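Colleague: One structure, pasted below without further comment.
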Ligand SMILES: [Zn+2]
Ligand SMILES: [Zn+2]
């Protein structure tokens with residue numbers, strides 16, 4: 038990588054107020070605390086860039102489509118039927134407005150994607166009709182798919198457009214669209230700068246997906262489709278797959294429908310409570326840098342009852358200590374042995390993130406395995422990470438550093 042460029046970025050990101058810094062240790066980026074922290078303390082709080090409720094909760098009226106807050110019925114706000122293809126409900130006017138300006142207007146309405154100050158071009162009825170058609174096709178697709186990734190990617194691109202067009206208005210000084218996610222200090226960096234440094238999985242998107250997105254952007258404003266090329270679309274999907282967190286309240290829910298796809302095809306998110314217990318997925322600029330450990334030094338918590346992630350210390354930490362979280366449920370269940378627990382979590386990690394865990398707990402517990410068990414587990418992990426030959430883990434600049 039280019040040293041002075043990176044140095045500049047990681048000086049400004051994350052902001053000092055988060056109490057953490059990103060450092061390179063043993064050739065990988067890790068998050069470290071910049072002060073002593075006591076067990077149970079909140080290290081930082083972070084809002085997501087984009088989020089998506091689980092498919093069964095979209096349109097259910099149970100959670101705010103923007104912040105995931107549980108809806109108290111008299112408070113709910115709905116959009117007019119015409120502009121509410123996902124039947125979204127919102128907990129407050131603020132969430133509704135944020136959702137509209139961040140992504141809804143571009144993806145699901147025929148309003149101009151440009152701020153009023155610079156959208157002088159008159160729009161023809163034919164153009165509006167084309168835009169409407171493109172949106173309908175995309176909505177049909179995401180409903181059929183039931184996956185979070187295409188929604189996260191579409192919202193990410195829409196948010197990028199919203200942030201960059203609002204910078205045009207303000208002459209590059211300030212954004213009218215508030216960046217509530219963790220941004221670099223000084224505001225010199227774009228959303229693209231944040232995401233380009235993150236790890237991703239190499240994925241092969243369904244062939245029909247990109248043309249649908251391109252059509253939405255192109256009909257909204259010719260030229261916008263430049264935001265998604267084939268390569269960029271695949272990379273964005275891979276970034277969401279690798280980095281998104283599962284949001285759950287109070288340890289998670291029990292009523293999520295059983296997945297109908299093969300276990301290896303089920304979407305996975307980072308959550309110590311298990312993706313099967315989450316209510317939705319969310320993507321964060323800073324927390325994406327947290328690495329996995331089966332004995333994590335910290336945990337994500339959503340104790341404000343929204344997508345705001347609170348990172349909590351699991352033990353007393355000294356300045357400079359590395360922060361890790363569990364991407365999967367690493368607790369030993371009552372009905373399993375230590376060996377079975379090790380095997381379960383390592384298969385999940387291999388399936389979801391394509392790496393063989395090298396944490397101290399895995400190493401220690403690995404010593405108790407017989408040579409046969411070792412061979413068997415390694416084989417299963419390999420199978421897990423090879424279910425789709427096209428999928429592998431990527432880090433910008435360096436390839437597959439933890440994959441065997
Ligand atoms: Zn809300
Ligand atoms: Zn481990």
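In the numbering used here, the protein residues as written are 38 to 441. Quick reminder that beta carbons are idealized off the backbone N, C-alpha and C, glycines included. Since the model is a prediction, treat every value here as computed from it, not as a measurement.
Does the beta-carbon of residue 179 have 16 or more other beta-carbons within 10 angstroms, so that it is buried, or is it exposed?
Modeller: Translated into the one-based positions of the chain shown, residue 179 becomes position 142. Answer is buried; the Cβ neighbour count reaches 16.
Colleague: What ranges does the alpha helix (DSSP H) occupy inside the stretch 313-392, keeping only unbroken runs of at least 4 residues that lie completely in it?
Modeller: If we require 4 residues or more, the alpha helix (DSSP H) runs fully inside the stretch 313-392 come out as 375-390.
Colleague: What is the DSSP secondary structure of residue 103, counted as helix, strand or coil?
Modeller: Translated into the one-based positions of the chain shown, residue 103 becomes position 66. In the structure shown, residue 103 sits in coil (DSSP, three-state: anything other than H, G, I, E or B).
Colleague: Indicate whether residue 327 and residue 361 have their beta-carbon atoms separated by less than 8 angstroms.
Modeller: Within the chain shown, residue 327 is the residue found at index 290, counting from 1. Within the chain shown, residue 361 is the residue found at index 324, counting from 1. Yes, they are a contact pair.
Colleague: What does the alpha-carbon distance come out to for the pair residue 279 and residue 372?
Modeller: Stepping through the chain shown from its first residue, residue 279 is reached at position 242. Stepping through the chain shown from its first residue, residue 372 is reached at position 335. About 29 angstroms.
Colleague: With respect to the alpha helix (DSSP H) encompassing residue 166, which residues constitute its N-terminal and C-terminal limits?
Modeller: Counting from one through the chain shown, the residue named residue 166 turns up at place 129. Segment 162-182, the alpha helix (DSSP H) holding residue 166.
Colleague: At a cut-off of 7 angstroms, would you count residue 398 as near ligand 2, judging by its Cβ distance to the nearest heavy atom?
Modeller: Here the question's residue 398 lines up with position 361 in the chain shown. Yes, the beta carbon of residue 398 sits closer than 7 angstroms to at least one heavy atom of ligand 2.
Colleague: How long is the line joining the alpha carbons of residue 308 and residue 284, rounded to whole angstroms?
Modeller: Sequence index remark: in the chain shown, residue 308 carries index 271 (1-based). Sequence index remark: in the chain shown, residue 284 carries index 247 (1-based). In a straight line, the C-alpha of residue 308 is about 7 angstroms away from that of residue 284.
Colleague: If you follow the alpha helix (DSSP H) that residue 269 is part of, which residue opens it and which one closes it?
Modeller: Taking the first residue of the chain shown as position 1, residue 269 is located at position 232. That run of the alpha helix (DSSP H) goes 267-280.
Colleague: With DSSP as the reference, please indicate the residues paired to residue 84 in a beta bridge.
Modeller: Translated into positions along the chain shown, residue 84 becomes position 47. Beta-bridge pairing links residue 84 to 218.
Colleague: Would you say the stretch 138-146 touches the stretch 224-231, given that touching needs at least three Cβ pairs under 8 angstroms?
Modeller: no
Colleague: Below 8 angstroms on the Cβ atoms is my contact criterion, and I expect residue 171 with residue 253 to pass it. Report the Cβ-Cβ distance as a whole number of Å.
Modeller: Locating residue 171 in the chain shown gives position 134, where the first residue counts as 1. Locating residue 253 in the chain shown gives position 216, where the first residue counts as 1. With a Cβ gap of about 5 angstroms, residue 171 and residue 253 count as contacting.
Colleague: What is the rounded straight-line gap between the Cα of residue 384 and the Cα of residue 336?
Modeller: By 1-based counting over the chain shown, the position of residue 384 is 347. By 1-based counting over the chain shown, the position of residue 336 is 299. Spanning the two alpha carbons is a distance of roughly 21 angstroms.
Colleague: At the level of alpha carbons, what is the spacing between residue 264 and residue 234?
Modeller: Position 227 of the chain shown, counting from 1, holds the residue named residue 264. Position 197 of the chain shown, counting from 1, holds the residue named residue 234. For residue 264 and residue 234, the distance between alpha carbons rounds to 17 angstroms.
Colleague: Using 10 angstroms around the beta-carbon of residue 76, count the other beta-carbons present and answer buried if the total reaches 16, otherwise exposed.
Modeller: What you label residue 76 is simply residue 39 of the chain shown in a count that begins at 1. Exposed is the call here.
Colleague: Locate the beta strand (DSSP E) running through residue 61, then write down its first and last residues.
Modeller: Locating residue 61 in the chain shown gives position 24, where the first residue counts as 1. Residues 57-62.
Colleague: Please classify residue 165 as buried or exposed, where buried requires at least 16 other C-beta atoms within 10 Å of its C-beta.
Modeller: On the chain shown, residue 165 is found 128 positions in, with the first residue counted as 1. Exposed, since its Cβ has fewer than 16 Cβ neighbours within 10 Å.
Colleague: Who pairs with residue 134 in a beta bridge, going by DSSP?
Modeller: Taking the first residue of the chain shown as 1, we reach residue 134 at position 97. The partner list for residue 134 (beta bridge, DSSP) is empty, contrary to what the question assumes.
Colleague: Report the three-state DSSP secondary structure of residue 398 (helix, strand or coil).
Modeller: As a position in the chain shown, residue 398 is number 361, starting the count at 1. Residue state, collapsed to three classes: helix.
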